[in-house]
Amino acid sequence: MKKVMLKTTLSLAVTMASTQIFAAGFAINEHSISGMGTGYAGRSSSADDASTVYGNPAGMSRITREQVTGGVAFLDAKTDISDASSSPNGGSNKGDMVPFTSVPMGFYVKPIDDHWAFGLGVYVPFGLITDYENGFAGRYFGSKSEVQVITFQPTVSYKFNDVVSIGFGPTINRIDGTLESNLSITQAAPDGKVKIKGDDTALGYNIGVLVQATDTTRLGLTYHSKVDYKLEGNTKVNYGALAAVGLGSSQKYDASLKITTPESLDFSVTQAINDQWNVYAGSTFTRWSQLKKITVENSGVQPLLAGQFGEITEDQNWHDSWAYAVGTSYQLNKEWVLRTGLTFDQSPTNNVDRSPRIPTGDRTIFSIGAGWSPTEDLTIDVAYSYLKEESVKIHNENDRGQTYDAKYENSANGFGVGATYRF
């Protein structure tokens, strides 16, 4: 039973990896619709609108008018599962575990004087919704996950001169999660259910530097800090077979889990070719290697089950990852700007520890977008991205003889719409 629970009660945070987000691991890229159009190639250097609060807080120094930027990205994901086998035999492998979902964002920037600017941001840096069908063949290793981190970021920037500016913003981060899996000790008894819920609020920070190296070249560097969480919640076990050992079929334990979302470093260049063309290039390093293992501690466990449910640890052994992007924009006329970008994003997972909750591999993302400014006060942005992942294999087993092997191939279509209004 320990292995069963180990695979089911694991981490609310590790399960944040899924095909419905356009960044590797369990990070979310969707914080700017204008940036989405260029594949986020110029995220730290473009500073096109108030979403620079996240992309690079130093970029607020380039905002000359008070403005608000808001938007939402939608994702339609598809997973093909093939070569699947499981023990006990039977179960479905439909691969439609990611529902149509949305990622909202909102930012505000107000210039104070020639040097100072103030901004606010609300966005989702990490998140997941996966929900496998009833009777999924890999249900003992993950059936449903719903996790979200919402961040509020007040920010200031200071412009030293026409060349260098800096920005800083503390982040207030709220994480909430629910995780479910099936549980079976013996094939003679119907499946039970394991459900974990937890939440926490923790602090972090973002800091950035923006350098106008020449009249046509701008460099940006942004650091997003790690955030340490201690999720507090409960683990519920509903399983009739527990009555066989003199316990009630419904058990509830206090649960806690320490998890750290990783720090990242983003560098990008914006190069103006002429009055119409801009090109962008960027790379992002994320220190996933600190995610070596996950430990869930359950308290209030009966002595008979303490060895099974008291403390549960699973190795993850994630590795650091890099993402690379190139993009361009073309100012068609006063009202319209067209964008496109290409992104390559490494997955931090490995072939040994990958599970149905983390069925992701390296991904390639193609993006296009446009901005329409019917007036000097309003810009409406739209974007589309297509994501294709390399196929990956999953091999899970536990000491109850339950196994799940499959090949996953993921793809997704992303759509974004947003607006910026200048006061």
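Counting along the sequence shown from 1, when you hit position 29 you're at 149 in our numbering, and nothing is skipped either side.
Built from N, CA and C at the ideal position, the CB exists for glycine as well.
Can the beta-carbon of residue 545 be found less than 8 Å from the beta-carbon of residue 482? In the structure as shown, the chain starts at 121 and stops at 543, and residue 545 therefore has no counterpart that could be examined.
The beta strand (DSSP E) spanning residue 174 covers which residue range? That residue, residue 174, is in no beta strand (DSSP E); its alpha helix (DSSP H) goes 172–175.
In angstroms, rounded to a whole number, what distance separates the CA positions of residue 536 and residue 409? 31 Å
Quick check: the Cα distance between residue 130 and residue 175, rounded to an integer number of angstroms? The pLDDT assigned to residue 130 is 40, lower than 50, so where the model puts this residue is not dependable; a value taken from the coordinates is nonetheless given after this. When rounded, the distance between both Cα atoms is 32 Å.
What are the start and end residues of each continuous beta strand (DSSP E) run of 3 or more residues lying completely inside the region 362–404, in chain order? 370–381, 384–392
Rounded to whole angstroms, what is the Cα-Cα separation between residue 506 and residue 381? 26 Å
What does DSSP give as the partner residues of residue 265 in its beta bridges? 250, 299
DSSP beta-bridge partners for residue 515? 525
Is the CB of residue 195 under 8 Å away from at least one CB in chain B? Absence of chain B from the displayed structure is noted, only one protein chain being present.
Which residues in the same chain have their Cβ closer than 8 Å to the Cβ of residue 232, if we skip the five residues on either side of it in sequence? 238
Contact check, residue 460 vs residue 488, beta carbons under 8 Å: yes
Please classify residue 256: is it buried, with 16 or more other beta-carbons within 10 angstroms of its beta-carbon, or exposed? buried
Closest by CA to residue 250, which one among 292, 301, 397? 301
On the premise that residue 313 lies in contact with residue 358, defined as a C-beta separation below 8 Å, what is that separation, rounded to the nearest angstrom? 5 Å
Helix, strand or coil for residue 225? Go by DSSP, reduced to three states. strand
CA-CA distance, residue 440 and residue 336? 33 Å
Determine the extent of the beta strand (DSSP E) in which residue 181 is found, giving its start and end residues. Counting along the chain, residue 181 falls outside any beta strand (DSSP E), and DSSP gives it neither H nor E.
Please tell me whether residue 274 and residue 323 are closer than 8 Å, where the distance is taken between their beta carbons. no
Proximity to residue 311 [Cα-Cα], best of 261, 223, 422, 396: 261
Three-way DSSP call (helix, strand, coil) for residue 148 in this model: coil
For residue 316, name the three-state secondary structure that DSSP assigns. strand
Pick from 272, 265, 202: whose alpha carbon is nearest that of residue 173? 272
Go ahead and label residue 121 buried or exposed: buried means 16 or more other beta carbons lie within 10 angstroms of its beta carbon, across all protein chains shown. Any answer about residue 121 is weak, because its pLDDT of 43 lies below 50 and its placement is not dependable; what the coordinates show is given next. It counts as buried.
Proximity below 8 Å, CB of residue 155 to CB of residue 165: no
What does a CB cutoff of less than 7 Å around residue 353 pick up in its chain, not counting 5 residues either side in sequence? 316, 317, 318, 319, 375
What are the boundary residues of the alpha helix (DSSP H) that includes residue 154? 153–157
Rounded to whole angstroms, what is the Cα-Cα separation between residue 196 and residue 248? 13 Å
Residues that residue 201 bridges to, as DSSP identifies them: 528
Report yes if the C-beta distance between residue 159 and residue 485 is below 8 Å; otherwise report no. yes
Determine, using beta-carbon pairs with one atom in the region 184–198 and one in the region 524–539, whether at least three such pairs fall under 8 Å. yes
Check residue 294 in the structure and name its three-state DSSP category. strand
Would the beta-carbon of residue 295 fall within 8 Å of that of residue 349? yes
Between residue 330 and residue 167, is the Cβ-Cβ spacing less than 8 Å? yes
Are the beta-carbon atoms of residue 401 and residue 178 separated by less than 8 Å? no
Nearest residue (CA-CA) to residue 277, options 241, 392, 446, 180: 180
Look up residue 486 in the DSSP assignment and give the residues it is bridged to. 462, 506
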